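In the working numbering, the protein residues as written are -4 to 200.
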């Protein structure tokens, strides 16, 4: 089975408590990492958001970052995750489907969020090209990926995590390194975005 398709099927069955388990993990490093990530996304969105703007979160899961209940439209494979997010006010609207499909017209979205997703996508340049087209001329993309190239500190930690979660605890979503088929450093991400017409205003690890 194609690795990307296998990960998608695993994701469709994942527990609704997946993100809560990350935030409240007994592992202090894991707990800190995910809480910090959600807080950063929330701050970045709130810094640029003005009332009336449209926000789309691609591959949003349960949109854990949106604690102040901004009007976000979420797109994800998991109907369960999306429904949970709508119920708890994290999403204003939901679309069950493929984030690579064009769900919106060109130049129609103010802010697009895509976090911890691009590493799973085989044809990610085409995805970014579609995102660029959907954004308004002064639209903003907020994106994050794991920094997991050869010399990153995160890479061995993540490998150990995947080994424990899949080989010992048998959690399917962690098989094949959690479906990560692309690997990024900050500069690789910057170059990728600029090749797809984006202007990078803020880049950090």
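The C-beta atom is built at its ideal place from N, Cα and C for all residues, glycine as well.
Source: prediction; values computed, not measured.
Under 9 Å between the Cβ atoms of residue i and residue j?
{"i": "residue 152", "j": "residue 107", "result": "no"}
{"i": "residue 89", "j": "residue 13", "result": "no"}
{"i": "residue 140", "j": "residue 184", "result": "yes"}
{"i": "residue 68", "j": "residue 86", "result": "yes"}
{"i": "residue 199", "j": "residue 181", "result": "yes"}
{"i": "residue 91", "j": "residue 104", "result": "no"}
{"i": "residue 196", "j": "residue 124", "result": "no"}
{"i": "residue 16", "j": "residue 33", "result": "no"}
Closest to residue i by C-alpha separation, out of the options, would be which residue?
{"i": "residue 144", "options": "114, 160 and 103", "result": "114"}
{"i": "residue 78", "options": "149, 25, 55 and 162", "result": "55"}
{"i": "residue 138", "options": "26, 21 and 39", "result": "39"}
{"i": "residue 57", "options": "23, 41, 44 and 74", "result": "74"}
{"i": "residue 82", "options": "162, 95, 30 and 62", "result": "62"}
{"i": "residue 100", "options": "35, 84 and 49", "result": "49"}
{"i": "residue 84", "options": "65, 94 and 93", "result": "65"}
For a test of your reading of the model: does the CB of residue i fall under 8 Å from any non-hydrogen atom of the ligand SAH? Yes or no.
{"i": "residue 140", "result": "As for the ligand SAH, it is missing from this structure, which has no ligand bound."}
Quick check on residue i: does DSSP put it in helix, strand or coil?
{"i": "residue 33", "result": "helix"}
{"i": "residue 136", "result": "strand"}
{"i": "residue 84", "result": "coil"}
{"i": "residue 148", "result": "coil"}
{"i": "residue 89", "result": "strand"}
{"i": "residue 43", "result": "helix"}
{"i": "residue 155", "result": "helix"}
{"i": "residue 125", "result": "helix"}
If contacts are defined as beta-carbon pairs under 8 Å, then residue i and residue j qualify, I think. What distance do you get, rounded to the angstrom?
{"i": "residue 94", "j": "residue 53", "result": "4 Å"}
Validate contact between the region 119 to 129 and the region 164 to 173 using beta carbons, cut 8 Å, 3 pairs: no
Given 8 Å, three or more beta-carbon pairs between the region 116 to 127 and the region 172 to 188: The answer is yes - the region 172 to 188 touches the region 116 to 127, with three or more Cβ pairs under 8 Å.
Please confirm if the region 13 to 29 is in contact with the region 40 to 49, defined as three or more CB-CB distances below 8 Å between the two stretches. These segments do not touch.
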